[in-house]
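Residue numbers (the working numbering): 5 to 420.
This is the structure:
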């Protein structure tokens with residue numbers, strides 16, 4: 005009786021937690037002065053869901069070093085940011101292309117012109133006079149300060165830049181010297197002392213990754229590689245606004261049909277599977293929000309596909325359990341055998357799908373990558389849900405007594 009009571013309490017708590025997290029995730033909540041945003045506000049939406057411009061820039065030379073490609077990406081990302089765009093996605097495609105996805109309604113011609121121009125790096129004094137240009141910088145290196153342990157960028161100047169910087173830092177001790185790319189301020193450090201040897205350090209980076217980005221921009225100066233516009237795609241705001249609610253309706257209908265089938269065909273185990281799938285949906289959306297992944301229409305298709313895969317894993321478990329029940333085994337033994345026998349099929353099918361998703365992500369571009377990423381994340385989480393969570397619910401169902409007869413599994417023949 006203690007085991008049964010404990011199992012009932014655990015089961016109720018699980019359902020309540022899933023319900024509360026799901027409700028807050030879909031509706032949002034305000035607790036005191038703290039606001040919890042809904043999934044709709046925290047998950048980044050792709051261009052096809054909110055409209056915007058997608059530009060692919062191609063490098064205009066045959067052999068491109070990965071390091072130069074990364075520098076070019078950082079400079080292009082900086083130029084897009086000054087358009088006032090949030091949630092912009094800048095990614096390398098293949099060996100010589102960079103895709104820039106810009107959500108919202110913006111003039112594509114202005115954006116393309118901004119991305120294509122040469123750009124200029126300058127060191128500007130507090131009197132707004134130019135001190136150095138990118139040509140005066142020999143090298144910028146991200147590093148960790150051995151004394152403070154904080155990230156910084158080490159600067160090495162050319163011979164021409166050494167004297168100009170020595171004069172400027174002597175003049176502006178205690179004041180700021182801004183480092184700008186075009187009109188954007190990359191950093192605005194204070195001169196602590198005159199720098200006479202042509203080597204300096206720029207502190208203030210919050211992380212080593214931020215220091216690497218700053219060093220890449222300084223090293224690149226202007227665009228490290230010549231680029232041209234390979235393609236420009238504009239998605240209207242109205243099309244994006246219509247796409248999301250339609251996709252959500254399709255998702256709700258699809259999930260509802262899956263839940264209905266599971267309950268009608270598998271009865272009590274089907275009900276437990278619906279709880280397991282609800283847990284999976286909430287966890288997947290929460291993972292998307294925490295990772296900052298971008299959700300697109302192909303991504304939603306991948307999301308719905310993974311729900312089907314997760315349901316399929318539960319179906320395999322139930323069918324294996326039914327087979328064991330028909331041989332006359334007890335409920336507990338049938339469930340244990342069903343779970344054990346279904347695992348190899350579940351792992352094999354999901355593993356092959358994950359491999360396919362990885363191939364699509366590596367060689368795909370744009371929406372294909374979004375579909376592949378959603379597919380991989382969904383399959384991994386659905387596999388964990390089937391192996392761990394469904395197994396837990398089946399065990400609790402047995403201990404609570406709601407899985408006490410073969411008929412509850414849809415098996416007419418009684419166990420011996």
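Just so you know, even glycine gets a beta-carbon here, dropped at the ideal spot from N, CA and C.
- Excluding sequence positions up to five before and after residue 328, its CB lies within less than 6 Å of the CB of 338, 341 and 342, all in the same chain and listed in chain order.
- Burial state of residue 132 is exposed, judged by a 10 Å Cβ sphere holding fewer than 16 other Cβ atoms.
- Residue 176 and residue 182 have their C-alpha atoms spaced approximately 12 Å apart.
- Shown here for residue 389: same chain residues with a beta carbon closer than 7 Å to its own, the five before and five after excluded, namely 280, 283, 284 and 314 in chain order.
- When Cβ pairs closer than 8 Å are counted between the two stretches, the stretch 152–167 is seen to touch the stretch 197–211, the count reaching three or more.
- Taken through DSSP and simplified to helix, strand or coil, residue 229 comes out as coil.
- Secondary structure at residue 130: coil, using DSSP grouped into helix, strand and coil.
- Three or more Cβ pairs closer than 8 Å define a contact, and the stretch 35–46 falls short of that threshold against the stretch 399–419.
- In this structure, the beta-carbon distance from residue 84 to residue 104 falls below 8 Å.
- Bounds of the beta strand (DSSP E) holding residue 94 are 93–97.
- According to the DSSP assignment, residue 37 belongs to no beta strand (DSSP E), since it is labelled neither H nor E.
- Listed as beta-bridge partners of residue 286 by DSSP are no residues whatsoever.
- Listed as beta-bridge partners of residue 56 by DSSP are 107 and 239.
- If only uninterrupted alpha helix (DSSP H) runs of at least 4 residues are considered, those enclosed by the stretch 315–374 are 335–367.
- Annotation: the continuous alpha helix (DSSP H) that includes residue 164 extends over 163–175.
- When DSSP states are grouped into helix, strand and coil, residue 416 belongs to the coil group.
- Listed in chain order, the non-local C-beta contacts of residue 222 below 8 Å within the same chain comprise 125, 138, 141, 144, 157, 159, 183 and 190, local neighbours out to five positions each way being set aside.
- Cβ neighbours of residue 326 within its own chain (closer than 6 Å, five residues either side excluded): 413 and 415.
- Following the DSSP letters along the chain, one finds residue 390 in no beta strand (DSSP E), marked with neither H nor E.
- The C-alpha of residue 303 lies about 13 Å from the C-alpha of residue 364.
- Residue burial is scored here from C-beta neighbours: residue 185 has at least 16 other C-beta atoms within 10 angstroms and is therefore classed as buried.
- According to the DSSP secondary-structure assignment, residue 125 is paired through a beta bridge with 185.
- Assignment of beta-bridge partners to residue 49 by DSSP yields 299.
- Assigned with DSSP and collapsed to three states, residue 143 falls in strand.
- Taking residue 309 as the centre and dropping the five residues before and after it, the same chain places the C-beta of 379 and 382 closer than 8 Å to its C-beta, in chain order.
- In this structure, residue 321 keeps its C-beta atom at 8 Å or more from the C-beta atom of residue 385.
- Assignment of residue 64 by DSSP, reduced to helix, strand and coil, places it in the coil class.
- Non-local beta-carbon contacts of residue 130 in its own chain, meaning distances under 7 Å to residues more than five positions away in sequence, involve 176, 179 and 180 in chain order.
- Ranking 162, 45, 345 and 113 by CA distance to the CA of residue 298 puts 45 first.
- Counting only residues of its own chain and dropping the five nearest sequence neighbours on each side, residue 373 has a CB closer than 6 Å to the CB of 365.
- Nearest Cα to residue 76 within the set 174, 187 and 232: 232.
- Here DSSP, grouped into helix, strand and coil, assigns residue 101 to strand.
- The three-state secondary structure of residue 197, taken from DSSP, is coil.
- For residue 301, same chain residues with a beta-carbon under 8 Å away, outside a window of 5 residues either side, are 50, 52, 53, 247, 251 and 371 in chain order.
- Comparing alpha-carbon positions, the option among 188, 18 and 47 lying closest to residue 295 turns out to be 47.
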